[in-house]
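Enquirer:
In my numbering, the protein residues as written are 8 to 646.
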């Protein structure tokens, strides 16, 4: 072969190698792009468990590359921007955690998702803002809370719930197995309406998720009412929409219609003018998880009764098993770490809702502030504060930024109080709490007095039976074994899951027990002491009962479970001795199911419900309140 031909052949071969290399790179990038579109985030569940930010959501998988969806790939940047601007032209823009665009004329709501917000965890809490006033469908009830994230798949953004129940340490090869073995839950696939090439953001319509059965309320209604109801999308609409730097507040107004089938008639709901249809308002709060705030999860100790956040740490091969249990607690830090008594950097603030009657606001306030006695034992001054919600407040009680004490009104007085809280499911840090107090306790007092005054004891029996019947779980005793047995029976899983989910770690059973205790105490007071509902003695009883009820529910929002040993602290002879009860209280803990103390005939009446919280927190309990460093020395003494 001639020299010139060799040179030409060599050049051609180089060109072919370059083309093949480019094709291989393009193919690799295409595969990577498609694969990333289906990955769930790194959950930050795989960080070292000993780290102070063990599950820091900022340390997630690299964000997906931002690019126009395939349906817009052939358009120019100018055309993409024009489409984006046309879509939001007649909308109201709300800046915040997510930029929202609301078109009231068409009842549409759009969200602009930044590229760094893909594959990033956010907290969703869902609250029933309005209810039916009966059959466990009460306003203010928590419906769900979970971690979610957006991930891009082709021309859509998926709204996915993160599976936080199985975790590994960082860089553990088991991470790959966990991703393959366990699934997240995709609640919705939102089509990408427009793409902004300069901001590299995606515009998606939220109506499809917010007006669908996003909270999973349909099976809850079927369980509570005993008859199926479905969402009528033609009569449903979006309500209040607000956006703030760390959270967005989204309200859905659902219209429900009973089944048209003759075999499944709508339930008869006494409180409705027409039981075939009704509306419910549901609040969804999407908020940013706290990161780099110094919070350190604390492992649970069987000797201290706290609600827990549990998961399987598959990297843990210790003899104790793979389960890790963190207690649920607030993040409190001293302003002066070395001071024996110091205010916290950020106190726990409860707001008394403006619906609470004026006559009871002082008792509610006192019930909350009683807990400062306990926190002082742990070195915190004024750890809990109380403020009054203005009559014309610009915020709503369901806003996740506010801890509230809400006053609800029900028709059947199913419970008197409930103390739910929302926690970070990665760490157990309590982020929000909303206590529910049912106004029915005053009604019950009057009702039971009439039962005696009118000499009609069957009214008392009937009302008590109705009260007990309103909780299928409390009637049997709500234990994990009972729940498993019920779930294992055909047709029971939906009902048990719905009821237990609505209760969660909330103390609905105590609310029912409290209703019975309150009524029994009022009844005994009327019979033994001839006290009418308007007497000074009866008013004192109501105030003390409400103070105790609020203190008990606040205890639950602080993470505390029950303490059933506390009621055995005093002997019957000591119960009506004010010298003893003013110093020790009637029972050792407000977290007990404490009965009303009614003195027998011939004995001077002492305290009805005096409880000292200091006794609740003395001994080991402050371990979970003390700052982590100050607590290490005490832990050594415990073991």
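Positions of the beta carbon are idealized from the N, C-alpha and C atoms, including for glycine.
Give the C-beta separation of residue 187 and residue 320 to the nearest angstrom, bearing in mind that I take them to be a contact with Cβ-Cβ under 8 angstroms.
Expert: With a Cβ gap of about 18 angstroms, residue 187 and residue 320 do not count as contacting.
Enquirer: How is the alpha helix (DSSP H) around residue 85 delimited, first residue to last?
Expert: Residue 85 -> alpha helix (DSSP H) spans 84-94.
Enquirer: Which value, in whole angstroms, describes the spacing of the CA atoms of residue 136 and residue 577?
Expert: Distance between the alpha carbons of residue 136 and residue 577 is about 42 angstroms.
Enquirer: Assign residue 496 to one of two classes, buried (16 or more other C-beta atoms within 10 Å of its C-beta) or exposed (fewer than that).
Expert: Confidence at residue 496 is low in this model, with a pLDDT of 42, below 50, so its placement is unreliable and the value that follows should be read with caution. It is exposed - the Cβ of residue 496 has fewer than 16 other Cβ atoms within 10 Å.
Enquirer: Let's see if you can read the secondary structure: which residues bound the beta strand (DSSP E) around residue 358?
Expert: From DSSP, the beta strand (DSSP E) with residue 358 extends over 355-359.
Enquirer: Rounded to whole angstroms, what's the CA-CA distance from residue 180 to residue 322? Just pull it up for me.
Expert: One C-alpha to the other measures close to 9 angstroms.
Enquirer: What are the boundary residues of the beta strand (DSSP E) that includes residue 588?
Expert: Taken as a continuous stretch (DSSP letters only), residue 588 belongs to no beta strand (DSSP E), being part of the alpha helix (DSSP H) at 585-591.
Enquirer: Using 8 angstroms as the threshold, is the segment 403-422 in touch with the segment 348-365, meaning 3 or more CB pairs across them?
Expert: The segment 403-422, when compared against the segment 348-365, does touch it at the 8 angstroms Cβ threshold.
Enquirer: Are residue 157 and residue 124 close, meaning C-beta to C-beta below 8 angstroms?
Expert: Yes, the Cβ-Cβ distance between residue 157 and residue 124 is below 8 angstroms.
Enquirer: Just mark residue 375 as buried or exposed, buried being the case when its beta carbon has 16 or more other beta carbons within 10 Å.
Expert: Residue 375 is buried by the Cβ-count criterion.
Enquirer: Within 10 angstroms of its Cβ, does residue 546 collect 16 or more other Cβ (buried), or is it exposed?
Expert: Residue 546 comes out exposed.
Enquirer: Between 246, 274 and 254, which lies nearest to residue 261 when the distance is taken from Cα to Cα?
Expert: Ranking 246, 274 and 254 by Cα distance to residue 261 puts 246 first.
Enquirer: Go ahead and pull the three-state DSSP assignment for residue 152.
Expert: Residue 152: strand per DSSP, three-state reduction.
Enquirer: For residue 34, which residues in the same chain have their Cβ closer than 8 angstroms to its Cβ, ignoring the five residues on either side in sequence?
Expert: The predicted model places residue 34 with a pLDDT of 37, which falls under 50 and marks its position as unreliable, so this point remains unresolved.
Enquirer: Which same chain residues, not among the five before or five after residue 100, have their C-beta less than 6 angstroms away from its C-beta?
Expert: Result list for residue 100: 108, in chain order.
Enquirer: With a threshold of 16 other CB atoms inside 10 Å of the CB of residue 92, please say whether the residue is buried or exposed.
Expert: So residue 92 counts as exposed.
Enquirer: Provide the residue span of the alpha helix (DSSP H) that contains residue 378, from first to last.
Expert: 378-384 is the extent of the alpha helix (DSSP H) around residue 378.
Enquirer: How would you write the range of the beta strand (DSSP E) that residue 198 sits in, first residue to last?
Expert: Note, residue 198: beta strand (DSSP E), 192-203.
Enquirer: Check whether the Cβ atoms of residue 225 and residue 208 sit closer than 8 angstroms, and answer yes or no.
Expert: The answer is no: Cβ separation not under 8 angstroms.
Enquirer: Use the C-beta contact count for residue 369: other C-beta atoms within 10 angstroms, 16 or more gives buried, fewer gives exposed.
Expert: With fewer than 16 Cβ atoms within 10 Å of its Cβ, residue 369 is classed as exposed.
Enquirer: Check residue 124 in the structure and name its three-state DSSP category.
Expert: In this structure, residue 124 counts as helix in the three-state DSSP scheme.
Enquirer: Could you tell me the alpha carbon to alpha carbon distance between residue 583 and residue 568, rounded to whole angstroms?
Expert: Taking the straight line joining both Cα atoms gives about 27 angstroms.
Enquirer: Taking only the alpha-carbon atoms, compute the straight-line gap between residue 296 and residue 251 and give it to the nearest angstrom.
Expert: About 14 angstroms.
Enquirer: Roughly how many whole angstroms lie between the Cα atoms of residue 467 and residue 142?
Expert: Interpretation of residue 467 is limited by its pLDDT of 36, a score under 50 that renders its predicted location unreliable; no figure is taken from the coordinates.
Enquirer: Among the residues of its own chain, which have a CB less than 6 angstroms from the CB of residue 106, if the five just before and after it don't count?
Expert: For residue 106, where only same-chain residues beyond five positions count, the Cβ hits under 6 angstroms are 119.
Enquirer: Considering only the alpha carbon of each residue, which of 198, 406, 282 and 430 lies closest to residue 75?
Expert: For the residues 198, 406, 282 and 430, the minimum Cα distance to residue 75 belongs to 198.
Enquirer: How about residue 162 and residue 249: are their beta carbons less than 8 angstroms apart?
Expert: Cβ atoms of residue 162 and residue 249: not closer than 8 angstroms.
Enquirer: Give me, in chain order, the residues of the same chain whose beta-carbon lies closer than 8 angstroms to that of residue 571; leave out the 5 immediate sequence neighbours on both sides.
Expert: Correct list, in chain order: 599 and 600.
Enquirer: Thinking C-alpha only, which one of 90, 406, 289 and 419 is nearest residue 441?
Expert: The shortest Cα separation from residue 441 among 90, 406, 289 and 419 belongs to 406.
Enquirer: So, for residue 121: in the same chain, excluding its five sequence neighbours on each side, which residues have a beta-carbon less than 7 angstroms away from its beta-carbon?
Expert: Taken in chain order, the residues that qualify are 208.
Enquirer: I'd like to check one pair, residue 588 with residue 613: are the Cβ atoms closer than 8 angstroms?
Expert: Cβ distance < 8 angstroms, so residue 613 and residue 588 count as in contact.
Enquirer: State the start and end residues of the unbroken alpha helix (DSSP H) segment that holds residue 214.
Expert: Segment 214-217, the alpha helix (DSSP H) holding residue 214.
Enquirer: At the level of alpha carbons, what is the spacing between residue 104 and residue 317?
Expert: Taking the straight line joining both Cα atoms gives about 29 angstroms.
Enquirer: Spell out a yes or no on whether the segment 299-317 and the segment 421-441 are touching, meaning 3 or more CB-CB pairs, one atom from each, closer than 8 angstroms.
Expert: The segment 299-317 vs the segment 421-441: in contact.
Enquirer: Taking only three categories from DSSP, how would you classify residue 226?
Expert: It is helical.
Enquirer: Can you give me the C-alpha to C-alpha distance between residue 220 and residue 602, rounded to a whole angstrom?
Expert: Looking at the two C-alpha atoms, the distance is approximately 41 angstroms.
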